[in-house]
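Just add 678 to the spot in the sequence shown (first one is 1) and you have the working numbering.
Where a beta carbon is used, it is the ideal one built from N, C-alpha and C, also for glycine.
Since the structure is predicted, the reported quantities are computational estimates derived from the model, not experimental observations.
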Amino acid sequence: MPASRRPVRMRATAVLPCVGAPCRLPPPLPTDMIRITILDLPRTSHLDLDRDDGAQQALQDGMLVIVLNGHAAVEFAPGITGVWIPESGALDVRLADASFPVADDHFFVSDFARRCCITAPTRGTALAMLARPAAWAQLPGMLPLHREPGPPLFPGHFAVDPQSRAELVQHVRALTQAAEPDERSRELRWIIGMLREEQAHLDSLVNLCPGRTLARRRQVFLRLQRIRHAIASDPATDTSLPRLAALANYSVSQFIAVFRRVFGETPHAYVLRCRVERARNLMAGTTLGIGEISFALGFQARSSFTRAFKMRTGHAPSALRACAKLQD
679 MPASRRPVRM RATAVLPCVG APCRLPPPLP TDMIRITILD LPRTSHLDLD RDDGAQQALQ
739 DGMLVIVLNG HAAVEFAPGI TGVWIPESGA LDVRLADASF PVADDHFFVS DFARRCCITA
799 PTRGTALAML ARPAAWAQLP GMLPLHREPG PPLFPGHFAV DPQSRAELVQ HVRALTQAAE
859 PDERSRELRW IIGMLREEQA HLDSLVNLCP GRTLARRRQV FLRLQRIRHA IASDPATDTS
919 LPRLAALANY SVSQFIAVFR RVFGETPHAY VLRCRVERAR NLMAGTTLGI GEISFALGFQ
979 ARSSFTRAFK MRTGHAPSAL RACAKLQD
């Protein structure tokens, strides 16, 4: 293989041992659309994107692709959209007042309105592609069959079959090693195409949104999906209808009608469903008391939690906890 075509693994030239440590990134890799910077984050290191000049410059120029080795963490403020792919084990996503895992049979599109910290599995690795919305918006133009206006990706957890996940990891890894612009463009086109394909099931929901144009419907769905994703990630947060409606730029009655039309249930029903599911996980994975779980999930009283739980599972929380203890 000629020397000019030999793949080059781009790596950071400095270890990042703590928040705020300077990050000397390698030179960015220009593509025909955006510039890509590759960073290999060592084990147990912690990169705060807002406090690191090198990372800020990389995001200003285009896309930052990060390989997170065992228990490495990336912290960032609103304004950055990321695709996170755990290779083995679960990612840990932490907000100011909540946390949740992302299993390795999913990929995760982050789009939070709050500060967030995402940590790689302790004994595994994860891959991340981070960029500001303006950079992501350039990517669909690279795909002749995907020229729809609006956001290229929607936030949320998305299940992916083992073969597709292995291919996605393979191509992101190839992107980090590509030495030539054509190689990088080819890998980036493949990655974005696959991510769009994995979100294709959302197209039918987009079409249920109000709006005369596809661009308008996609923007409406983005607002609704952000709210839905935020509720699923932190069901104990403020989920009052006036607040959620304001986030969606609707009146309360319009918000309820549009949400039910698109997702098939009211916002209140979705909040309760997410809270009950989180309660089931807490009862199975922690020793918290039922009253503590009820309070942590934002219920005003234990009795209201019990009613919601029994309505959706057919069992009282105490019965489910007792059954779990017997199985142990």
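In angstroms, rounded to a whole number, what distance separates the CA positions of residue i and residue j?
| i | j | result |
| --- | --- | --- |
| L751 | L742 | According to the sequence shown, residue 751 is Ala rather than Leu. The alpha-carbon atoms of A751 and L742 are separated by roughly 15 Å. |
| Q848 | I869 | 10 Å |
| R998 | T944 | Looking at the sequence shown, residue 998 is not Arg but Leu. Approximately 26 Å between the Cα atoms of the pair. |
| I796 | F836 | 17 Å |
| I968 | R990 | 16 Å |
| F933 | A923 | 5 Å |
| V940 | F973 | 30 Å |
| T854 | G992 | 49 Å |
| R729 | F899 | 32 Å |
| A947 | S981 | 17 Å |
| T964 | P859 | 49 Å |
| D739 | D782 | 30 Å |
| A994 | R985 | 8 Å |
| A812 | L737 | 10 Å |
| I971 | A962 | 12 Å |
| V771 | G802 | 15 Å |
| W814 | I712 | 9 Å |
| E955 | L966 | 15 Å |
| P840 | V780 | 15 Å |
| R921 | F977 | 17 Å |
| P873 | L880 | The residue asked about is misnamed: residue 873 is Leu in this sequence, not Pro. Straight-line Cα distance between these residues: approximately 12 Å. |
| A878 | V884 | 10 Å |
| E861 | G871 | 15 Å |
| L919 | K988 | 23 Å |
| G732 | V930 | 43 Å |
| R810 | R901 | 17 Å |
| L925 | Q734 | 28 Å |
| A979 | V949 | 16 Å |
Checking contacts by CB at 8 Å: is residue i closer than that to chain B?
| i | result |
| --- | --- |
| Q855 | Judged by its chain identifiers, the structure shown contains no chain B, having just a single protein chain. |
Relative to the C-alpha of residue i, which residue among the options is closest?
| i | options | result |
| --- | --- | --- |
| P913 | H784, D739, N959 | N959 |
| L717 | V850, V930, E865, R953 | V850 |
| R951 | R801, R939, F983 | F983 |
| S842 | D860, H784, L883 | H784 |
| C794 | I758, L846, A979 | I758 |
| L866 | L880, A878, E876, L846 | L846 |
| A844 | A733, S929, E765 | E765 |
| R904 | L975, S882, N927 | N927 |
| R938 | L886, R980, L925 | L886 |
| L975 | V930, P720, V838, A776 | A776 |
| I763 | A979, V838, L719 | V838 |
| E876 | Q735, V761, P756 | V761 |
| S882 | S929, G942, R862, E861 | G942 |
| A774 | L880, V780, P756 | P756 |
| Q816 | S863, F778, P840 | S863 |
| S996 | T800, P920, A957 | A957 |
| A798 | L902, P720, Q734 | P720 |
| T800 | R810, A768, F778 | A768 |
| R953 | A852, A856, F778 | F778 |
Would you list the residues sitting across from residue i in a DSSP beta bridge?
| i | result |
| --- | --- |
| V787 | V761, G834 |
| I796 | V752, V771 |
| M989 | BP columns for M989 are empty, so no partner. |
| D726 | E753 |
| P779 | D770 |
| T804 | Here residue 804 is Ala; the residue named in the question, Thr, does not match the sequence. Beta-bridge pairing links A804 to L746, P764. |
| L719 | L746 |
| A809 | M741, T759 |
Three or more beta-carbon pairs under 8 Å between the region 890 to 897 and the region 909 to 917, yes or no?
-> no
Quick one: complete alpha helix (DSSP H) runs, 4+ long, within the region 918 to 967?
-> 919 to 925, 930 to 941, 945 to 963
Three CB pairs or more closer than 8 Å across the region 785 to 793 and the region 827 to 846 | yes
For the region 830 to 856, list the alpha helix (DSSP H) runs that are entirely contained and at least 4 residues long, ordered along the chain.
-> 840 to 855
Stretch pair the region 912 to 930 + the region 883 to 890: three plus CB contacts closer than 8 Å = no
Could you tell me which uninterrupted alpha helix (DSSP H) segments, each at least 4 residues in length, are contained entirely in the region 887 to 917, listed from first to last along the chain?
-> 892 to 911
Would you call the region 795 to 811 and the region 726 to 746 touching, i.e. three or more CB-CB distances under 8 Å?
-> yes
Would you check if the region 749 to 769 and the region 717 to 733 touch, i.e. whether three or more CB-CB distances between them fall below 8 Å?
-> yes
Those runs of the beta strand (DSSP E) which lie wholly inside the region 744 to 774 and span at least 3 residues | 751 to 754, 759 to 764, 769 to 772
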